[in-house]
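Asker: Protein sequence lines, in the order shown, are assigned to chains A and B.
156 is the number of the first residue of the first sequence in this note's numbering; add one for each residue after it.
156 is the number of the first residue of the second sequence in this note's numbering; add one for each residue after it.
Idealized CB from N, CA, C, for every residue including glycine.
There are 2 protein chains.
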Amino acid sequence: MKFGVMGTGQVGTTIGGKLQALGHDVVFGSRSLEGGKASRVGAETGIRVASHQEAAEHGEWIVNALPGEHAIASLTGCALDGKILVDIGNYEAAVDGPIAMPLGQALQAAFPAVRLVKTLNSVSAHLMVDPDSLGADHSVFLAGNDAAARAEVETLLRAFGWRSILDLGDLEACRAMEELVPMWMRLFGKFGDPNFNLLVVRQG
Amino acid sequence: MKFGVMGTGQVGTTIGGKLQALGHDVVFGSRSLEGGKASRVGAETGIRVASHQEAAEHGEWIVNALPGEHAIASLTGCALDGKILVDIGNYEAAVDGPIAMPLGQALQAAFPAVRLVKTLNSVSAHLMVDPDSLGADHSVFLAGNDAAARAEVETLLRAFGWRSILDLGDLEACRAMEELVPMWMRLFGKFGDPNFNLLVVRQG
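(1) Note down, in chain order, each residue of its chain lying with its Cβ closer than 6 Å to the Cβ of residue 345 of chain A, except the 5 sequence neighbours on either side.
(2) Quick one, which of A:341, A:276, A:165 has its alpha-carbon nearest residue 195 of chain A's?
(3) Would you call residue 255 of chain A buried or exposed, if buried means 16 or more other Cβ atoms sit within 10 Å of its Cβ?
(4) Which first and last residues belong to the beta strand (DSSP E) in which residue 182 of chain A is found?
(5) Can you tell me where the beta strand (DSSP E) holding residue 159 of chain A begins and where it ends?
(6) Are residue 281 of chain A and residue 356 of chain B close, meaning C-beta to C-beta below 7 Å?
(7) Does chain B have any CB closer than 7 Å to the CB of residue 293 of chain A?
(8) Within 7 Å (strictly less), CB to CB, does residue 245 of chain A reach chain B?
(9) Grouping DSSP H, G and I as helix and E and B as strand, with all else coil, what is residue 315 of chain A?
(10) Can you name the residues of chain A whose CB is closer than 7 Å to the CB of residue 253 of chain B?
(11) Under three-state DSSP, which class holds residue 299 of chain A?
(12) Taking just the CA atoms, how far does residue 175 of chain A sit from residue 205 of chain A?
(13) Any beta-carbon of chain B closer than 7 Å to the one on residue 359 of chain A?
(14) Name, going along the chain, the residues of the segment 327-339 of chain B whose beta-carbon falls closer than 7 Å to a beta-carbon of chain A.
(15) Nearest chain A C-beta to residue 351 of chain B closer than 7 Å, yes or no?
(16) What's the gap between the Cα of residue 248 of chain B and the Cα of residue 337 of chain B?
(17) Along chain B, which residues have their Cβ under 7 Å away from the Cβ of residue 290 of chain A?
(18) For residue 342 of chain B, return the contacting residues in chain A, with the cut-off set at a CB-CB distance below 9 Å.
(19) Would you be able to state if there are at least three C-beta pairs under 8 Å between the segment 302-317 of chain A and the segment 303-313 of chain B?
(20) Check this for me: beta carbons of residue 157 of chain B and residue 214 of chain B, under 7 Å apart or not?
(21) How is the alpha helix (DSSP H) around residue 196 of chain B delimited, first residue to last?
(22) Am I right that residue 284 of chain A and residue 170 of chain A are in contact with their C-beta atoms under 8 Å? What's the rounded C-beta distance?
(23) Comparing alpha-carbon positions, which option in A:341, A:327, A:328, A:326 lies nearest residue 330 of chain B?
(24) Identify, in the order they occur along the chain, each residue of the same chain with its Cβ nearer than 7 Å to the Cβ of residue 208 of chain A, setting aside the five sequence neighbours on each side.
(25) Does residue 231 of chain A come out as helix, strand or coil in the three-state DSSP assignment?
(26) Among residues of its own chain, excluding the 5 on either side of residue 177 of chain B, which ones have a beta-carbon nearer than 7 Å to its beta-carbon?
(27) Flag this pair as yes or no: are the beta carbons of residue 241 of chain A and residue 218 of chain A separated by less than 7 Å?
(28) Would the beta-carbon of residue 275 of chain B fall within 7 Å of that of residue 320 of chain B?
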């Protein structure tokens, strides 16, 4: 399948590399095509780096791995309608401040014809695409207003290796998911490494 | 030890009953001494229900199990200085709205001489005092600016049966802890029962 992965930071390149390894056809969308970063990312991943518009044009699915504060501006003018948008983004300000409107809901409101599915935003980047490397069960959440799109994203998560997948229903769950960010940061500070996650434990 | 437990809802009565079962001397603080609720709680628990001021006077330790929106007003005028205040509270508005200032930090600012320790606020009431009943490991968090107070509260949590206790450090961690409320609510809605919690999983 063809993917446009928006963002060439740690999350974007990790997801893009995994999608390519699974046999998908990936193009990165970046706002910094001039200078060293785009060519470095291209060289390191073997994946073409293009503008956000070109990457969106390429993708049957879109992945948002942009900083939350920049996502709407960067995606404006991109060919998103009717496509699944996997939103992995978080507001950087959510680390230690309130979220007025969760990013997933803000993106869905800005681009009403996209099939947005929020997922993976509370997971360390290396675990997003290799959950087994933690050596124990742990959980990932997903939410979206389109149940068929949620099911398709769940299939992708299973291809990444996920087993504990909690479908939380519609995008009202974005607050629950995005407000996990301060806990991730606090645990990262406590442990000094990103080799952790949360598991939802239910009475058997 | 003597405890003043503020709040006679599900959380307060559950904590008060457990403290009594452990041999502590408990008085509940309530704003509704007239009418049926105080006598019903007193009859059901065998614990005296008094005003917030009387319960605070009684307690060497104070437990805040009041709705977050009412906590500062209810605790104003109470004898808190120098005592450990175990804050289990959450803002009801935090279920689906932003937290401008976390309750734990707001209480510490309002009562600067209290030794506030935030804990248990993300856990179903029955699991707070009987974590083993879930049948698998799960986690509780704690935070406070006074490390000695955190250690004393950790000892109490162990007496409740907790083993996975994550000390997150100072009260800046209150946002991380209080922003777990929307996830608790969403999982409660998904599962239809409160028999669940989160476990922090770390690479071994």
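Answerer: According to the data block:
(1) none
(2) A:165
(3) Flag for residue 255 of chain A reads exposed.
(4) 180-184
(5) Where residue 159 of chain A is concerned, the enclosing beta strand (DSSP E) stretches over 157-161.
(6) Contact flag unset, no.
(7) For residue 293 of chain A, the nearest beta carbon of chain B is closer than 7 Å to its own beta carbon.
(8) no
(9) helix
(10) 253, 254, 255
(11) strand
(12) 16 Å
(13) yes
(14) 328, 330, 331, 334, 335, 337, 338
(15) Judged by the 7 Å Cβ criterion, residue 351 of chain B is in contact with chain A.
(16) 10 Å
(17) 358, 359
(18) 321, 323, 331, 355, 357
(19) no
(20) yes
(21) 191-200
(22) 6 Å
(23) A:341
(24) Only 232, 233 meet the Cβ criterion.
(25) coil
(26) 314
(27) Going by C-beta atoms, residue 241 of chain A is nearer than 7 Å to residue 218 of chain A.
(28) no
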